[in-house]
Amino acid sequence: MEIETATGLDTRKVAIWTFIGSECLFFATLISTYLVYRGRSLVGPFPHEEWTSPTGQHFEPILEIKLVTIGTALLLFSSLFVVLALYGAQKGKRGMMLGWLGATIMCGIFFISMQVYEFTHFVHEGLKLSTNLFGASFFTLTGFHGTHVTIGVIWLTTVFILALRGKLPPEKALNLELAALYWHFVDVVWIVIFPVVYLMK
Amino acid sequence: MFLRPAIRRYARVWAPVALLLVLVLVGCAKDYPQTTLAPKGDFARLVDHIFMTTVWWALGVFILVEGALVYAIVKFRHKPGAAEPAQTHGNTTLEIVWTIIPAAILALIAVPTVRAIFRTAQEPGAEALQVEVIGHQWWWEFRYPDLKIVTAGDLHVPMGQTVNLRMTTADVVHSFWIPQFAGKRDVFPRRFNNIWFKADTTGVFSGQCAEFCGVEHGRMAFRVVSDSPEEFAAWTASQQSGSPMINGGNMTDSAIAIAIKAANHDTSAAVDSVLARGKAVFLAGGCIGCHAMEGTPMAGMMQLVGPNLSHVGSRHTIAAGTLPMTDENLAAWLHNPDSVKPGVLMKLPRPLTDDEVSALVAYLKLHK
Amino acid sequence: MATTALDHAPAHHAEKTGLWSWITTVDHKRIGILYGATAFAFFLIGGIEALLIRIQLAQPDQKFVSPETYNQLFTMHGTTMIFLAVMPLSAMFFNYLIPLMIGARDVAFPRLNAMSYWVFLFGGLVLNSSWLFHSAPDSGWFGYANLTEKQYSPGANVDFWIVGLQILGIASLAAAVNFFVTIVQLRAKGMRLMRMPIFVWMSFITQVLLLLAFPVITVALVMLLMDRQFGTHFFIPAGGGDPILWQHLFWVFGHPEVYILILPAFGVVSEVLPVFSRKPLFGYAAMVFSGCFIAFLGFGVWSHHMFATGMGPFADTFFSLVTMLIAVPTGVKIFNWIGTIWGGQLHFKTPMLFALAFVAMFIIGGLSGVMHASPPADLQQTDTYFVVAHFHYVMFGGSIFALTAGAYYWYPKMFGKMLDEGLGKLHFWLMLIGFNVTFFPMHFVGLNGMPRRVYTYPAELNFGFWNLIETFGAFTLGLSFLVFIVNVYKTWRSDAKAPADPWNGATLEWAIPSPPPEFNFAELPVVVGRDPLWELKRQRGGMLPEPPFHSGQGIHMPSPSYWPIVTALGIAVFFCGFLVGFPYVNIAGVLLTFLGIYSWAFEPA
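Chains as they are written, first to last, in my numbering: chain Y, 51 to 251; chain E, 485 to 852; chain B, 2 to 606.
Put into structure tokens, the structure is as follows:
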């Protein structure tokens, strides 16, 4: 059922935008907390500095910037891929839609895997949630972002399966567009998090 | 006597108002030992001045606006058969006027406010007496680093000299409030806050914790004792005896006995026996686990859970303002702290016998 | 007439009754009634908590309740009144009225709306279930760290508070998205933004505040939960954490929350005053813009709750000046309300009495607010009964009076029956007197040195006299709501039907039958002005006839669904996992949530 709306916009799209607006404050709070506690950890390991514990244990700077840069790049590219997939969906180009959507999902999965590797590596190196303020604020911030990426991947995969079963004709491309909007938002948040956490020293 | 109906109707309307007035007068005539409205120091006077400025403005606005409201309610009440009122939608001039006038009034309040903000934020001069205030669940500790005194419950200050309170907490967030001398200041762990004031009268005044801090937040009071300079000097001298900040609290029993006899103006041998018996109970009863006390192995400790008791007999209250310092109250407290102040952190390792309690009461009261 | 043929047609959407129809309902009006009934029940619980507090404080050194119980009572009183009473009572009006006032058949997402309600209900139940475990939250509605950390609050009390608030936050956010989109998208033809009823405007601003404020408390609560359960040190000084950060995050949420509680009340009063003055709202545009300005400034004043923390003179000055600035648009509102009744023909029906009392009481609350906008003065007032008096004048004298006005005003629309005027007036006078006797003396008691949140006070401080009077006032207040309950019961038993437009209303909801049919409008209205119904009546030269019966044939309405309640249950179970400390419960909750969302997404609408 199509309802004529007061603005002429699609209601679900307005809802996603509204939700994204609210989410901005969610991440703003997490990022602010990270920034407030930057450099205020009482003990190491630290993100960008070496640290030797009172017992003589030595810790290198813990962040692995190279690996995360690759993940970041793939996440950025996936935003482009999902635009191409949407174009395919709107024009009824099934192959294009499925191909680019698949690529988007793969990028998302790579990003999540990278984060899982990074987290286990950190725990192995001696940085846990409870280790210091850096551990707490880092895991919370990137963990919540990772959760959002995961939800995005699940959503995109659902749309992918629908498309595979031929249930995403051009007039229903909005179903993909909504997921794509959310996906862009998740990417944009990472564009803020990446320099704040990994590049700013 | 028969009242005329008009008067009777009049009385019916005004009787509740009169009753209310009587109530207000009765209520206001009382003496409030913890009031903010009778400042006794420079800081509190400054605050009171700002407050009263806003009160007068607010009262004026209140009378005008509520007056207009009541006038409109009476004047424009529906009259049967009246025509439909004029359908006015607004008036731009009026909107501008009633935006600007409140803004102007607020500006008049804001100017002295900002001045007072910066005045109260000034650091006191070097001649100020430094006192460290430490919040504990649920009592206040006071340390005088220059005078080398550690005490609790009573904050002694010399009248006429600025006192600078440097404040923190040993556990959770509290707020130190001395209504008659200054305002409140929250205390945070591992952080120092400060507030200052100069008392201009002598006397004993109440204050208490103002930030919710757990079960016994309601019973976390203290007294501010404003002494004349001579009284303060005498108090200082007596409190320094056995202080953990002097020689690590080390004092021989005989030196303590001499000091206590002098403080109590009693040189009889009975004092010695009370001291000996009390100290034995203090050690055996487990008091020593939490309290520093002159003449005991813990005399020099500064980080114990409970307050330093070396001069407990000189304090006005026990259990942080809960009870006046009397023999009966002290005995009740020592028998079962939890019945006096439920949830208090003071836990006796074992119940004390009546004999032990009376020995302790006598012992503690001597420590003036 | 074409409509007479329809009069005898069988109702297409026969009103279904029975428990199941309520559980699966997606009708905004039924959900509104559910919100109202639930919120009123919680309001009574919060009120009983208040009465117990008042008994304990009636005299010095009383032992009516233990300190532990007292702390639970005042914590739950605040939390309940804010999150379980005033917010959902406002939500009742959002639900019931926004679609009717903007001329829509439902909200934008009817099932999301149902889910919001169920999540709210479960959140309220989880929070209050803590009483059964003797673990009701006991650290204040503000939950200041580090008292709320495990070391100082080892019990489950604080966990109940965190989990309850998180669940309620989800409900508020989902509802806020829904109403925001509803107002943006579903306005009837011709209802431009500046023609919306002022209640819709104030609700709209409230949704924006909810959307921007709730994420902040969500994150803060997550961090507190992690401190308590996963060993982080966000607010633990020993690990470098800072309890002051909690205060900032809490009040960045907490101050806009104050406006979330009061703006809907502004809206209600701005609807009631014109109708009973027979005169349009004075300064509509000024009302709209002052509302927006208040909301905007509301995000820049949070630290005025923290003057005693010692932020330094520059921060104090900034937050003090912005706080004073908020008094300007608030004053504009009050003057416009007086302007509205000025020159009118005032009809003192019960809703009007409550609305006028709202204005009178709110002025008092506003003026005492200016007094503690001044940081040096606030150093004496903060955390005393003066502040308790202040915020009860704005929250009770403000919000509750206005919401009660709204309840009497829209009751006939919602239930098709009029509440009794005599009992209504009795309710009003008892409430007005009880309220002032309870809260006005608190100004004196506070200034004379009585701090908040104390379970007792020593006799020598002489607070006993006023406290006893306050307790009498509180019981008068309680009695006033008993009268309200009697009124509702009496009305419920009576057969008298209310007309569609009993008050000579100005807005669209009065054009349709009382209670409205499921589809609201047989024909979607077209709006040409601000008070559409008054304009129509003026054109006709009199009251409108009762709207004709319409069977609703051919109007598509969303079908009922039980997936919203399943999803809501999943969300509640997920959060309760943190209470039982059993990760499988969290996982079960997530799975249930996904099941609910997927089934709902693929269910035909």
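Beta carbons: idealized from backbone N, C-alpha and C, even for Gly. Just so it is clear, the structure is predicted and the values come from calculations on it, not from any experiment.
message = Using a Cβ-Cβ distance cut-off of 7 Å, determine whether residue 410 of chain B contacts chain E.
response = Not closer than 7 Å to any Cβ of chain E, the Cβ of residue 410 of chain B fails to qualify, so no.
Task: For residue 658 of chain E and residue 695 of chain E, believed in contact at Cβ under 8 Å, the rounded distance - done: Rounded to the nearest angstrom, the Cβ distance from residue 695 of chain E to residue 658 of chain E is 5 Å, consistent with a contact under 8 Å.
Through-space distance from residue 246 of chain B to residue 740 of chain E, alpha-carbon basis
One C-alpha to the other measures close to 48 Å.
Roughly how many angstroms lie between the CA atoms of residue 344 of chain B and residue 108 of chain B, to the nearest whole one? Rounded to the nearest angstrom, the gap between the Cα atoms of residue 344 of chain B and residue 108 of chain B is 37 Å.
Take residue 600 of chain E and list the residues in its own chain whose beta-carbon comes closer than 7 Å to its own, dropping the five residues that flank it on each side.
-> The beta carbon of residue 600 of chain E is closer than 7 Å to those of 530 and 534 in its chain, skipping five residues each way along the sequence.
Fill in: Residues sharing a beta bridge with residue 552 of chain E, DSSP
Beta-bridge pairing links residue 552 of chain E to no other residue.
- Taking residue 113 of chain Y as the query, report the chain B residues whose CB atoms sit under 8 Å from its CB, ordered along the chain. By Cβ distance, chain B contributes nothing, its closest Cβ being about 19 Å from residue 113 of chain Y, past 8 Å.
Handout entry: Close-in-space but distant-in-sequence residues of the same chain around residue 628 of chain E (CB under 6 Å, 5 per side omitted)
Key = So the qualifying residues of the chain are 615.
* Asked: Does residue 595 of chain B come within less than 7 Å of chain E when only Cβ atoms are used?
  -> False, the Cβ-Cβ gap to chain E never drops below 7 Å.
**Report entry** Touching by the beta-carbon criterion (3+ pairs, under 8 Å), the region 409–427 of chain B and the region 438–455 of chain B
**Finding:** As far as the Cβ criterion goes, the region 409–427 of chain B does not touch the region 438–455 of chain B, which means the pair count is below three.
* Asked: Closest by CA to residue 579 of chain B, which one among B/164, B/563 and B/153?
  -> Distance check between residue 579 of chain B and each of B/164, B/563 and B/153 places B/164 closest, using alpha-carbon atoms only.
Would you report the Cα separation of residue 6 of chain B and residue 505 of chain B, rounded to the nearest angstrom? For residue 6 of chain B, the predicted structure reports a pLDDT of 39, less than 50, and the residue's modelled location is therefore unreliable. A value from the coordinates is still provided. Distance from the CA of residue 6 of chain B to the CA of residue 505 of chain B, rounded to the nearest whole angstrom, comes to 29 Å.
Whole-angstrom C-beta distance between residue 229 of chain Y and residue 205 of chain Y, which should lie under 8 Å
About 5 Å; that satisfies the 8 Å criterion.
**Asked** Does the region 72–92 of chain Y come within contact of the region 225–243 of chain Y, defined as at least 3 CB pairs closer than 8 Å?
**Response** Contact between the region 72–92 of chain Y and the region 225–243 of chain Y is present: three or more C-beta pairs spanning the two stretches fall below 8 Å.
What runs of the beta strand (DSSP E), each 3 residues or longer, lie entirely inside the region 608–690 of chain E? Complete beta strand (DSSP E) runs here, min 3: 613–620, 623–628, 633–636, 638–642, 646–653, 658–661, 668–671 and 677–682.
What ranges does the alpha helix (DSSP H) occupy inside the region 81–112 of chain B, keeping only unbroken runs of at least 4 residues that lie completely in it? As far as the region 81–112 of chain B is concerned, its whole alpha helix (DSSP H) runs of at least 4 residues are 88–103.
Next on the checklist: Rounded to whole angstroms, what is the Cα-Cα separation between residue 52 of chain Y and residue 135 of chain B?
Outcome noted: With a pLDDT of only 49 at residue 52 of chain Y, under the threshold of 50, the placement of this residue in the model should not be trusted, and no figure is reported.
Taking 8 Å as the cut-off, does the region 560–579 of chain B touch the region 517–528 of chain B (at least 3 CB pairs, one atom from each stretch)? No contact exists between the region 517–528 of chain B and the region 560–579 of chain B.
Let me check one thing: in DSSP terms, what residues is residue 692 of chain E bridge-paired to?
Bridge partners of residue 692 of chain E: E/661 and E/705.
Worksheet item: How about residue 454 of chain B: is its C-beta nearer than 7 Å to some C-beta of chain E?
Response: So, interface residue.
Query raised in the report: Using a beta-carbon distance cut-off of less than 7 Å, what residues from the region 230–253 of chain B approach chain E?
Result: Going along the region 230–253 of chain B in chain order, one finds 238, 244 and 245 with a Cβ nearer than 7 Å to chain E.
Which residue or residues does DSSP assign as beta-bridge partners of residue 802 of chain E?
Answer is E/807.
Going straight from the alpha carbon of residue 39 of chain B to that of residue 203 of chain B, what length do you get? If you draw a straight line from the Cα of residue 39 of chain B to the Cα of residue 203 of chain B, it comes to about 23 Å.
According to DSSP, is residue 751 of chain E part of a helix, a strand, or is it coil?
Residue state, collapsed to three classes: coil.
- Query: Pairing CB atoms from the region 146–158 of chain B with CB atoms from the region 95–112 of chain B, are three or more of them under 8 Å?
  - Reply: No, the region 146–158 of chain B does not touch the region 95–112 of chain B.
*With 16 other CB atoms within 10 Å as the buried threshold, where does residue 544 of chain B fall?*
Label assigned to residue 544 of chain B: exposed.
Original post:
Cα-Cα, which of Y/227, Y/146 and Y/109 is closest to residue 175 of chain Y?
Top reply: Per the Cα distances, Y/109.
What did DSSP end up calling residue 219 of chain B once you bin it into helix, strand or coil? Of the three classes helix, strand and coil, the one that applies to residue 219 of chain B here is helix, per DSSP.
- Message: Beta-carbon within less than 6 Å of residue 121 of chain Y's beta-carbon, same chain only, minus the 5 sequence neighbours each way: which residues are those?
- Response: Closer than 6 Å at the Cβ level, and outside the excluded window around residue 121 of chain Y, lie 161 and 164.
> Is residue 68 of chain Y close to chain B, meaning its C-beta is less than 7 Å from at least one C-beta of that chain?
Replying inline: Using a Cβ-Cβ cut-off of 7 Å, residue 68 of chain Y counts as an interface residue toward chain B, since at least one Cβ of chain B sits closer than that to its own.
Just tell me which of B/339, B/389 and B/102 has its CA closest to the CA of residue 191 of chain B.
-> Proximity to residue 191 of chain B across B/339, B/389 and B/102 peaks at B/102, based on C-alpha coordinates.
Residue 802 of chain E versus E/821, E/571 and E/560, residue with shortest Cα-Cα distance
Selected option, being the one with the closest Cα: E/821.
Inset, instruction - Within its chain, find whatever has a CB closer than 7 Å to the CB of residue 253 of chain B; leave out the 5 residues flanking it on each side and keep chain order. - result: Spatial neighbours of residue 253 of chain B in its own chain (CB-CB distance under 7 Å, excluding positions within 5 residues in sequence) are listed in chain order as 217 and 303.
Query raised in the report: residue 109 of chain Y bridges to which residues according to DSSP?
Result: Under DSSP, residue 109 of chain Y shares a beta bridge with Y/101.
Taking buried to mean at least 16 other C-beta atoms within 10 Å of its own C-beta, is residue 428 of chain B buried or exposed?
Around the C-beta of residue 428 of chain B, 16 or more other C-beta atoms lie within 10 Å, and the residue is accordingly described as buried.
Check: What separation, rounded to the nearest whole angstrom, lies between the Cα atoms of residue 406 of chain B and residue 135 of chain Y?
Finding: CA-CA distance, residue 406 of chain B to residue 135 of chain Y, rounds to 54 Å.
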